[in-house]
Amino acid sequence: MITQENGFFTEEDSVEVVTSRNSNAKSERLKQAMDVVIRKLHEAVKEIEPSQEEWMEAIQFLTQTGATCNDWRQEFILLSDVLGVSMLVDAINNRKPSGASESTVLGPFHVAEAPELPMGSNICLDQKGEDMFIQGLILDTSGQPIADAVIDVWQANDEGFYDVQQKGIQPDFNLRGVFRTGKDGRYWFRAVKPKYYPIPDDGPVGQLLSDLGRHPYRPAHLHYIIKAVGFETLTTHIFDPKDPYINSDAVFGVKRSLLAEFVKVDDRTRSVAYGFEGDFWEVVHDFVLAEER
Ligand code: BEZ
Ligand code: FE
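For the sequence shown, our numbering gives the first residue as 36, with consecutive numbering after it.
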């Protein structure tokens, strides 16, 4: 048996030699996680058999990934997103009971201090894009409306940029808002039809995607975080099923149940009532929250 004392390194015994050194780990969970990571990493290296140059290239990639991180850019999360790891962690931590709405990735563009607005507000502050009316219900799994649910919504504009990516170009808090349901659990607000956009692709993760022959686009979507007392918080999106990238989201965030219907409405009375110029898009989508477990 290999112990901390007698474990000279060999190619054959590499995993046991390294993991046995961790027997005095201060946390059992850390030891368990590192044992798995070391085992899988050694397995990968043994299968790939990288040259020294290739290994150095991998190290340089990770170095650049770290160097690209700053207060508003997290390149490691982006790496986890494009490798499908963010969605996997999300899936493991959000196994919902039947009937509850599914979750998806948070993404880097949520702003914690978006303003709470009166129901029905138009979150588009720069009058650019195609008008859109969004409405639905926040329900529990037995179909009852949830009062006092807080709906935090954000989206990119019709050029595919979030306000925080275009400071000084878009107004602050453009296309963001927080709404609170009444007794009937209904929500509704006005916005503009979102468009597909590339994830930040001017760094090492963008280069990796390009080297792998992958595009960096996410299909058009609206982000939601929905909270209510006694219920699990739901972080999710709704997607436009007609988007050209709906089947190839760069971060794997699309789920069948998150496809909404974007319907073009030609109704002058409604359009005037909403303060729109003419035709508008309508999305009707209910969300079902799981009871806190
Ligand atoms: C987003 O949808 O905002 C997003 C998610 C993951 C990576 C980049 C952007
Ligand atoms: Fe997004």
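Glycine included, every Cβ here is placed at the ideal spot set by N, Cα and C.
These numbers were taken from a predicted model, which means no experiment stands behind them.
Neighbourhood of residue i by C-beta, 8 Å cutoff - its chain only, sequence neighbours within 5 removed
i	result
L152	I158, G212, V213, F214 and F224
T316	The question names Thr, but residue 316 in the sequence shown is Trp. Result list for W316: E165, D166, M167, F168, K228, F297, V298, K299 and V300, in chain order.
R108	P143, P235 and G238
R328	E267
A93	P85
Where residue i falls, given that 16 or more other Cβ within 10 Å makes a residue buried
i	result
F43	exposed
D237	exposed
W90	exposed
D106	exposed
S62	exposed
Q191	The identity of residue 191 in the sequence shown is Ala, whereas the question assumes Gln. Counting Cβ neighbours within 10 Å, A191 comes out buried, since at least 16 surround it.
D116	buried
G310	exposed
G178	exposed
S121	buried
Q205	buried
L247	exposed
L123	exposed
L65	exposed
G241	buried
I173	buried
Continuous beta strand (DSSP E) stretch holding residue i: start and end
i	result
E317	F315 to V319
V264	First-last for V264: undefined, no H or E at that position.
Q87	Where Q87 is concerned, there is no enclosing beta strand (DSSP E), although the alpha helix (DSSP H) it sits in stretches over Q87 to A102.
Y222	R221 to V227
D67	In the sequence as displayed, the identity of residue 67 is Gln instead of Asp. Element bounds for Q67: not the beta strand (DSSP E) but the alpha helix (DSSP H), E63 to I83.
L210	Counting along the chain, L210 falls outside any beta strand (DSSP E), and DSSP gives it neither H nor E.
D187	V185 to Q190
Y322	Correcting the residue identity first, residue 322 is Phe in this sequence and not Tyr. That run of the beta strand (DSSP E) goes F322 to L324.
8 Å contact criterion, which residue i and residue j should meet: CB distance rounded
i	j	result
L324	D175	6 Å
T100	P239	5 Å
E165	D193	7 Å
C104	F111	7 Å
V146	W189	7 Å
N209	D284	That pair is no contact at about 23 Å.
A263	I169	Incorrect: roughly 18 Å between the Cβ atoms, too far for contact.
V53	I83	Not a contact, Cβ separation roughly 18 Å.
R329	G288	No information on residue 329 is available, as it lies outside the stretch 36 to 328 that the chain covers here.
H320	G217	So it is not a contact: roughly 18 Å between Cβ atoms.
D70	N59	No, D70 and N59 are not in contact; Cβ-Cβ is about 13 Å, not under 8 Å.
I186	Y222	5 Å
Own chain partners of residue i with C-beta closer than 7 Å, once the 5 adjacent residues on each side are dropped
i	result
L293	E137, T139, T271, H272, I273 and F274
G119	F287
G195	K230, Y231 and Y232
Q201	none
L114	T100 and V240
Contacts around residue i, its chain only, beta-carbon distance under 6 Å, and the 5 residues preceding and following it disregarded
i	result
A255	P229, K230, Y231, D275 and D278
H77	S49 and V50
D219	P180
L243	none
K290	E137
F322	S136, I173 and I261
L141	T270
Alpha helix (DSSP H) segment containing residue i, residue limits
i	result
Q201	It is not in any alpha helix (DSSP H) - Q201 carries neither H nor E in the DSSP assignment.
R27	This structure cannot speak to residue 27, because the chain is shown only from 36 to 328.
V50	S49 to S55
Q242	P239 to D246
D161	Note, D161: premise wrong, no alpha helix (DSSP H); not H, not E.
V298	Taken as a continuous stretch (DSSP letters only), V298 belongs to no alpha helix (DSSP H), being part of the beta strand (DSSP E) at V298 to V300.
D116	E110 to V117
D125	V120 to N128
Item to check | Inter-stretch contact at 8 Å, needing at least 3 Cβ pairs: the stretch 124-135 / the stretch 272-285 | outcome: no
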